Amino acid sequence: MIMQKKTKYPTSFLLLVQNLVSYHHCGWGFWAFVGTLVFLALLSGANFHVVQKIYTAGQVAESDVIADRDIMVEDTQATEARRKQLLLLQPPVYDLSLESSILFQNRILELFQSVNENNKHADADGGALAHLIDDLTPAVVDEILPELALPDVQTYILKELMPLIHTNLAEGLVGDIRSARVGRAGAVIHNLDTKVEVLRPDVGTLHDVQSFLAEISSKARQELSLTPQSRRAVNILLSATMPASLTLNREATQKRAEAVIESVKPIYYQIQKGEIIAHKGERVSREQQIKLQTLYQTAASPMRWVTAVGALLCALLFSIGFFVAPSGRPGTSLLCKDILMISLMLLLFGTGAKAVYQLYLSMNNDTSLLHAFSAAFPVAGAVGLVAMVFAARCYCVMGLLLAFFCMLMFQADYVFFIYHFLGGMLATWLVIRAQSRQDVVWSIIPLTIGQSVIWLGTALLAQTPVYEAPAQLIAVAVNSLFSLILLFAVSPVLEMVFDYSTRFRLMELMNLEQPLMQELMVTIPGTYHHSLVVANMVEAGAKAIGANSLLCKVAALYHDVGKLSYPEYFIENLYGSYNKHDKLSPSMSALVLLSHVKKGTELAERYKLGQEIADIIRQHHGTRLIRYFYQKALNLGEKPRDSDYSYPGPRPQTREAAILMLADSVEASSRTLTDPTPSRLKSHIDATVKGIFSEGQLDESELTFKDLHYLSKNFQRILTGIFHQRIVYPEQSKIQPLPAASNLTDNSLPVAADKAERSAPQMYPGM
Numbered sequence: 007m008i009m010q011k012k013t014k015y016p017t018s019f020l021l022l023v024q025n026l027v028s029y030h031h032c033g034w035g036f037w038a039f040v041g042t043l044v045f046l047a048l049l050s051g052a053n054f055h056v057v058q059k060i061y062t063a064g065q066v067a068e069s070d071v072i073a074d075r076d077i078m079v080e081d082t083q084a085t086e087a088r089r090k091q092l093l094l095l096q097p098p099v100y101d102l103s104l105e106s107s108i109l110f111q112n113r114i115l116e117l118f119q120s121v122n123e124n125n126k127h128a129d130a131d132g133g134a135l136a137h138l139i140d141d142l143t144p145a146v147v148d149e150i151l152p153e154l155a156l157p158d159v160q161t162y163i164l165k166e167l168m169p170l171i172h173t174n175l176a177e178g179l180v181g182d183i184r185s186a187r188v189g190r191a192g193a194v195i196h197n198l199d200t201k202v203e204v205l206r207p208d209v210g211t212l213h214d215v216q217s218f219l220a221e222i223s224s225k226a227r228q229e230l231s232l233t234p235q236s237r238r239a240v241n242i243l244l245s246a247t248m249p250a251s252l253t254l255n256r257e258a259t260q261k262r263a264e265a266v267i268e269s270v271k272p273i274y275y276q277i278q279k280g281e282i283i284a285h286k287g288e289r290v291s292r293e294q295q296i297k298l299q300t301l302y303q304t305a306a307s308p309m310r311w312v313t314a315v316g317a318l319l320c321a322l323l324f325s326i327g328f329f330v331a332p333s334g335r336p337g338t339s340l341l342c343k344d345i346l347m348i349s350l351m352l353l354l355f356g357t358g359a360k361a362v363y364q365l366y367l368s369m370n371n372d373t374s375l376l377h378a379f380s381a382a383f384p385v386a387g388a389v390g391l392v393a394m395v396f397a398a399r400c401y402c403v404m405g406l407l408l409a410f411f412c413m414l415m416f417q418a419d420y421v422f423f424i425y426h427f428l429g430g431m432l433a434t435w436l437v438i439r440a441q442s443r444q445d446v447v448w449s450i451i452p453l454t455i456g457q458s459v460i461w462l463g464t465a466l467l468a469q470t471p472v473y474e475a476p477a478q479l480i481a482v483a484v485n486s487l488f489s490l491i492l493l494f495a496v497s498p499v500l501e502m503v504f505d506y507s508t509r510f511r512l513m514e515l516m517n518l519e520q521p522l523m524q525e526l527m528v529t530i531p532g533t534y535h536h537s538l539v540v541a542n543m544v545e546a547g548a549k550a551i552g553a554n555s556l557l558c559k560v561a562a563l564y565h566d567v568g569k570l571s572y573p574e575y576f577i578e579n580l581y582g583s584y585n586k587h588d589k590l591s592p593s594m595s596a597l598v599l600l601s602h603v604k605k606g607t608e609l610a611e612r613y614k615l616g617q618e619i620a621d622i623i624r625q626h627h628g629t630r631l632i633r634y635f636y637q638k639a640l641n642l643g644e645k646p647r648d649s650d651y652s653y654p655g656p657r658p659q660t661r662e663a664a665i666l667m668l669a670d671s672v673e674a675s676s677r678t679l680t681d682p683t684p685s686r687l688k689s690h691i692d693a694t695v696k697g698i699f700s701e702g703q704l705d706e707s708e709l710t711f712k713d714l715h716y717l718s719k720n721f722q723r724i725l726t727g728i729f730h731q732r733i734v735y736p737e738q739s740k741i742q743p744l745p746a747a748s749n750l751t752d753n754s755l756p757v758a759a760d761k762a763e764r765s766a767p768q769m770y771p772g773m
């Protein structure tokens with residue numbers, strides 16, 4: 007499709023997906039592809055590893071226990087120590103209330119009132135005096151009441167002690183400092199009246215009732231107005247009635263402690279893949295037992311769901327490249343057989359990688375040899391197979407998927423992915439440039455050298471030990487050999503099962519010994535010569551724009567094979583004989599010309615040229631009008647219908663078919679030029695290409711205006727070389743003999759040569 011043409015983009019994601027699926031004609035192959043990705047994702051997360059024997063602390067290990075994966079082991083002791091440390095630093099929560107101070111003051115006033123009114127009978131029914139008797143013994147109460155009734159004692163308590171008591175209760179007093187929970191960070195004081203929390207980091211500022219009573223007793227001893235009996239009565243009264251204003255809020259303290267414990271993350275230490283957890287003959291320690299238990303727990307799980315889901319998500323993202331080009335365009339249409347072939351390749355190599363990995367683990371547990379096994383797996387050959395069929399976008403995406411799934415199956419890291427992806431890209435570069443099977447055979451040398459260089463880069467990146475290098479280099483050579491064998495063994499199967507025209511098959515079709523090619527050369531040599539010129543043109547044009555040049559060239563050689571049915575009705579095969587179209591009506595002549603497309607498609611299917619070549623033969627004229635006979639019918643007074651004089655189509659669906667249409671039209675029409683100079687050829691090519699474009703024949707292909715420019719430029723280069731001018735050689739009878747050697751003077755030969763040069767016609771550039 008000409009990409010400058012305006013398109014209406016879908017506004018919803020679901021509509022975009024629906025349009026892509028319908029564009030690519032995947033059919034049920036799309037769901038087979040999705041099912042393959044799901045299966046491989048589950049297979050990558052499946053755990054078939056046989057769990058090794060678990061040793062407890064104190065037992066002697068009978069063999070080396072090696073970690074087969076990177077795991078994280080929790081250090082429970084370090085985690086618990088960290089939690090205890092934070093709990094010690096967590097301050098407890100105390101509730102502060104002034105209600106106790108008010109109640110205490112009211113109780114003292116009520117007691118003094120009762121004592122002043124009636125020392126013996128008042129308040130016998132449960133008042134302040136009764137509560138005092140309950141707190142103390144009746145004998146002690148009878149002893150201190152006379153002293154409390156004294157005016158000096160009451161004045162001292164109310165005026166001197168009560169303000170001091172109120173102040174200390176407001177700051178906070180605990181009942182007993184010995185039972186108080188005070189952390190290293192102090193205590194949090196929560197004021198129930200103001201709802202304000204204050205952190206007291208200094209533990210010494212948190213007082214208790216006993217220490218405060220001692221302070222009051224010391225203060226009372228300095229009061230001269232009090233007798234010893236009075237001071238004793240005051241101390242007894244306050245010790246019995248003094249409340250605490252701070253109470254430990256156990257619920258709030260517990261919640262804060264739980265929050266701190268939850269905030270402490272477990273402390274882990276990592277065990278790397280290949281690390282020896284326990285040596286043979288060594289007594290297992292407690293720490294080693296914890297590692298073995300962790301290894302057992304991770305190995306005992308039959309499915310790692312996180313790995314499977316992540317693999318599926320990444321694979322789906324990679325697979326977008328099959329259906330959408332980097333520019334956002336749908337790209338070349340994929341058929342159901344294409345998706346099935348891609349799914350089959352992924353399935354075979356994904357399961358093969360898993361099988362090789364499990365087989366290796368069952369025989370050996372040495373990770374150094376496992377690295378060599380993974381390096382020898384022929385991912386490059388699989389990507390090369392895909393490159394023999396698909397274009398660059400598809401085989402690049404295939405390389406990503408194969409390297410990704412094989413990395414998961416071997417439980418390797420990103421270095422494995424880089425090595426196999428770059429190796430696959432190198433293999434495709436060699437395959438698409440091979441012109442014969444011998445070229446593919448000799449490509450083992452650059453493939454081995456290139457993969458060795460890639461391995462060196464990844465080995466340096468992974469800091470591979472030197473002692474592992476020889477085994478891995480041998481594995482690289484084995485990889486190249488297996489990849490080459492895979493190309494030759496599987497490519498015929500792809501050609502037979504999926505009816506693909508691989509590069510090997512296309513190379514065989516270019517052989518002049520092919521039966522259809524022999525018949526083309528012998529029966530219609532004019533058409534064969536035309537096909538050769540078109541083949542050179544399309545090859546140069548396809549290379550210039552990045553299309554499949556080999557497919558274009560082979561299709562050009564066979565594009566007019568349908569003319570074998572009626573060779574004498576095509577002008578290039580007449581060779582001076584009379585033109586049979588002179589005796590036919592325009593409609594009959596057009597019918598004969600139109601039939602060569604259908605006949606060519608039938609011959610392509612009969613001789614098994616491949617679906618791609620058959621499609622190009624069917625599309626290389628598109629729906630163009632045979633203007634010569636259409637105009638002839640008009641000149642005869644007929645009213646012809648366009649459909650009777652137009653090719654059935656369809657229009658070119660790929661770049662390769664569009665290139666062949668342009669080259670075929672340019673080459674055929676260029677033979678009508680009387681003096682095909684380079685400038686005239688350029689004008690003629692530009693006019694022909696613009697005419698085909700204006701007819702809309704290129705609307706369903708993928709050519710851009712930039713591609714058309716490069717195609718025209720290369721068509722002109724090829725045709726200029728074919729139509730280059732030569733000098734006119736003189737006839738034999740008109741050649742003047744040179745003078746005899748004996749009659750020549752020293753200067754006569756140069757003079758004769760100069761005359762011959764001045765008598766020759768001037769040559770055009772490029773002759």
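Here our numbering is used: the sequence shown runs in plain steps of one and ends on residue 773.
We treat Cβ as the ideally placed atom computed from N, Cα and C, and that holds for glycine.
Please read all numbers here as calculations on a predicted model, not as lab measurements.
Residue i versus residue j: straight-line alpha-carbon distance, rounded
i: Leu179; j: Phe118; result: 25 Å
i: Leu679; j: Leu725; result: 12 Å
i: Met404; j: Glu611; result: 29 Å
i: Ala382; j: Ala481; result: 5 Å
i: Lys201; j: Asp214; result: 22 Å
i: Thr454; j: Ile438; result: 17 Å
i: Glu264; j: Tyr274; result: 21 Å
i: Ala359; j: Arg262; result: 52 Å
i: Glu618; j: Ala663; result: 9 Å
i: Glu105; j: Leu254; result: 16 Å
i: Asp650; j: Gln659; result: 23 Å
i: Ala87; j: Leu94; result: 11 Å
i: Tyr636; j: Leu600; result: 13 Å
i: Gly697; j: Asp648; result: 17 Å
Assigned exposure category for residue i - 16 Cβ within 10 Å defines buried
i: Asn517; result: exposed
i: Asn720; result: buried
i: Val472; result: exposed
i: Gln260; result: exposed
i: Pro745; result: Bear in mind that a pLDDT of 49 at Pro745, under 50, signals an unreliable position, so the number given afterwards is only what the model happens to contain. That one is exposed.
i: Ala317; result: buried
DSSP-derived helix/strand/coil call for residue i
i: Ala193; result: strand
i: Val93; result: Here residue 93 is Leu; the residue named in the question, Val, does not match the sequence. Reduced to three states, the DSSP call for Leu93 is helix.
i: Thr726; result: helix
i: Asp419; result: coil
i: Ala38; result: helix
i: Ala284; result: strand
i: Leu668; result: helix
i: Gln524; result: helix
i: Tyr613; result: coil
i: Met394; result: coil
i: Val71; result: strand
i: Cys32; result: coil
i: Gln703; result: coil
Presumed contact (8 Å Cβ cut-off) between residue i and residue j, rounded CB distance
i: Ile450; j: Ser497; result: 16 Å between Cβ atoms; not a contact.
i: Leu243; j: Ile150; result: 6 Å
i: Leu492; j: Ala388; result: 7 Å
i: Glu578; j: Gly532; result: 3 Å
i: Gln469; j: Gly429; result: With 8 Å as the limit, Gln469 and Gly429 do not qualify as a contact, their Cβ atoms being about 20 Å apart.
Residues bridged to residue i (per DSSP)
i: Ala52; result: Met309
i: Leu252; result: Leu102
i: Leu205; result: Val194
i: Leu179; result: His213
i: Ser652; result: Leu631
i: Tyr275; result: Val79
i: Arg289; result: Val66
Min CB distance residue i to chain B below 8 Å
i: Ile451; result: This model lacks chain B altogether, as it is built from one protein chain only.
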